[in-house]
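There are 2 protein chains.
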Amino acid sequence: MKKAIALGILSLTLATAASAQVKPEDQIKFRQAGYSFMSWNMGKIKANLEGEYNAQQVQAAATAIAGIAGSGMGALYGPGTEKDIGDRKTRVKPEFFQEMPNVGKLATDFNNAAANLAKVAATGDKAAVQKAFGETGETCKACHDKYRME
Amino acid sequence: MKKAIALGILSLTLATAASAQVKPEDQIKFRQAGYSFMSWNMGKIKANLEGEYNAQQVQAAATAIAGIAGSGMGALYGPGTEKDIGDRKTRVKPEFFQEMPNVGKLATDFNNAAANLAKVAATGDKAAVQKAFGETGETCKACHDKYRME
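In order, the protein sequences belong to chains A and B.
Quick note: the first sequence uses our numbering, first residue -4, plus one each step.
Quick note: the second sequence uses our numbering, first residue -4, plus one each step.
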């Protein structure tokens, strides 16, 4: 647990350096793009689990999600991104920026779950994907419930 | 070459089935999200190549790009996505939908280049990444030049 938290904080810290080059409004745009694209892929996996199962499509979707999750999105929460910037709205709550150890833990949980989903999806085992998908969804929800406005 | 084109068409055809569940305006939103998130990651790789080289950051960025590129974005060009839908603007040219064999080839080129970039990035060899990055950028540009409005 301690290691997971440390990793989470580290990734958010590294992120800060990398975010220096990206304008705050673009950081908000890019992080929303990442979540949006992941949601499309989560939706595809869900549709496959509920209907005809195409292992190749599920694997591709899970790989995209894991790639985005592991890309260092903490860099997109730099200074100035706590609030709307003009037309660029954000639903992040102020607590997100005040509770970094917990945010780091949730981010690490999500990252691990997404990596596991991709690993499991590569086996083509639908039941295992169902489980890993549920676990990934829970890590999404854990952060949304706490740090995303309605 | 013939195989590459066939794969490109196949991926766009498969895509059409998968896109049935996603509203046209959301298809435009999701494809733009994918390109936007890739552009952030291309920017990070560029910054690493021009400045201090962080192999881990480059690898993560390249993995995200390859994951998105390989996720079946052809599904996001379904019927009804040729034009703006209300506030949801698109810069895709009509020719895109009329020249599927060529679009399929460009998509396959891009997909292959992105996969190679991720593979090379994992080695940490900066010079090789520089080359693979340039090649990937060229495949982006090939499609933008032909099928994206200014």
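Glycine residues also receive a C-beta, built at the ideal position from the N, C-alpha and C atoms.
Not one beta carbon of chain B lies nearer than 8 Å to the beta carbon of A/Asn106. With contacts defined by Cβ atoms closer than 8 Å, A/Lys88 and A/Arg26 do not form a contacting pair. In this structure, A/Leu112 sits near A/Ala61, with a CB-CB distance shorter than 8 Å.
Taking a beta-carbon distance threshold of 8 Å, B/Phe32 counts as an interface residue toward chain A. Among the CB atoms of chain A, one or more fall inside 8 Å of the CB of B/Gly62. In the structure shown, the three-state DSSP call for B/Arg26 is helix. In the three-state reduction of the DSSP assignment, A/Val53 falls in the helix class, which pools H, G and I. Boundaries of the alpha helix (DSSP H) harbouring B/Gln93: 90 to 93, taken from the DSSP string. From the beta-carbon of A/Ala116, no residue of chain B is found nearer than 9 Å; the closest lies around 12 Å away.
Listed in chain order, the alpha helix (DSSP H) elements of length 4 or more contained wholly in the stretch 101 to 144 of chain B are 121 to 142.
Of all residues in the stretch 42 to 53 of chain A, the ones placed with a Cβ closer than 7 Å to any Cβ belonging to chain B are Ala42, Gln52, in chain order. The three-state secondary structure of A/Val87, taken from DSSP, is strand.
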